[in-house]
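Notes follow once the structure below has been shown.
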Amino acid sequence: MKKLALFLVSVFVMSGIAFADNDRPIQIGQLPTKAQTFLSTYFKSSKVALAKQETDLFSKSYDVIFTTGEKVEFDKSGDWTEVSCKVNGVPSAIVPQGIKSYVQSNYPDARILSIERDRSNYEVKLSNRWEITFDSQMRVIDIDD
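Quick note, the sequence shown lines up with residues -20 to -1, 1 to 125 if you use mature numbering (1 follows the signal peptide of the UniProt record, and there is no 0).
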């Protein structure tokens, strides 16, 4: 009986490992509608090098990488979770006003090169190498260089 239980646990673990980190290339038209709209609004003239769906054991996400090196990540619903634009900076229209104001006031010569968000905060990386974390109320909660 112990051997059977151990075998079943092993099979479950191995199938979980095999299913985890399952990336596959997709077409832009296979992204959620919100993601497609975001790309056509903010990256209309950018050429896509790769779009892929990442499936983990309990979640799904999407990455779009452009030929310029810019990258956008989306959650399963098509909401952006990270935007990285190391050359020209993140499109200003996607940055919350509180973050824009803070950066303009405190780092007027810096550009926002990436922005990442989750349920509780935003993290921005600036061209001057500072990383600033904001809470959901757009208050600074951490600064790293």
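Glycine included, every Cβ here is placed at the ideal spot set by N, Cα and C.
Look at the alpha carbon of residue i and the alpha carbon of residue j, and state the distance between them as a whole number of angstroms.
i: Gly49; j: Ser26; result: 10 Å
i: Ser(-6); j: Arg109; result: Caution is warranted here: a pLDDT of 48 is assigned to Ser(-6), below 50, making its placement in the model unreliable, and no coordinate value can be reported.
i: Val120; j: Val70; result: 19 Å
i: residue 126; j: Gln84; result: The first residue shown for the chain is -20 and the last is 125, placing residue 126 beyond what the model contains.
i: Asp122; j: Lys80; result: 16 Å
i: Met118; j: Leu30; result: 32 Å
i: Tyr87; j: Ser100; result: 24 Å
i: Ser57; j: Lys14; result: 7 Å
i: Leu106; j: Glu62; result: 14 Å
i: Ile74; j: Val28; result: 19 Å
i: Val67; j: Thr35; result: 29 Å
i: Tyr82; j: Thr47; result: 31 Å
i: Leu(-17); j: Leu37; result: Confidence in Leu(-17) is poor, its pLDDT being 46 and thus under 50, which makes the residue's placement too unreliable to answer from.
i: Glu16; j: Gln10; result: What sits at residue 16 in the sequence shown is Gln, not Glu. If you take the alpha carbons of Gln16 and Gln10, they lie about 9 Å apart.
i: Lys51; j: Phe23; result: 10 Å
i: Phe(-14); j: Glu53; result: Low local confidence applies: a pLDDT of 49 at Phe(-14) is under 50, so the model's placement there is unreliable, with the coordinate-based value given in what follows. So the two alpha carbons sit approximately 38 Å from each other.
For residue i, which of the options has the nearest alpha-carbon?
i: Glu103; options: Ser64, Pro88 and Thr21; result: Ser64
i: Asp55; options: Ile95, Phe46, Asn101 and Pro12; result: Pro12
i: Lys40; options: Asp3, Ser72 and Asp124; result: Asp3
i: Glu96; options: Thr113, Asp89 and Ser20; result: Thr113
Provide the residue span of the beta strand (DSSP E) that contains residue i, from first to last.
i: Ser64; result: Trp60 to Ser64
i: Val120; result: Val120 to Asp124
request  = Entirely within the stretch 79 to 110 and at least 3 residues each: give me those beta strand (DSSP E) ranges in chain order.
outcome  = Entirely contained in the stretch 79 to 110, the beta strand (DSSP E) runs reaching 3 residues are, in chain order, 92 to 97 and 101 to 106.
Q) Of all the beta strand (DSSP E) runs that stay within the bounds of the stretch 2 to 64, which reach a length of 3 or more residues? A) For secondary structure counted as the beta strand (DSSP E) over 3 or more consecutive residues, the stretch 2 to 64 holds these complete runs in sequence order: 2 to 5, 28 to 35, 40 to 46, 51 to 55 and 60 to 64.
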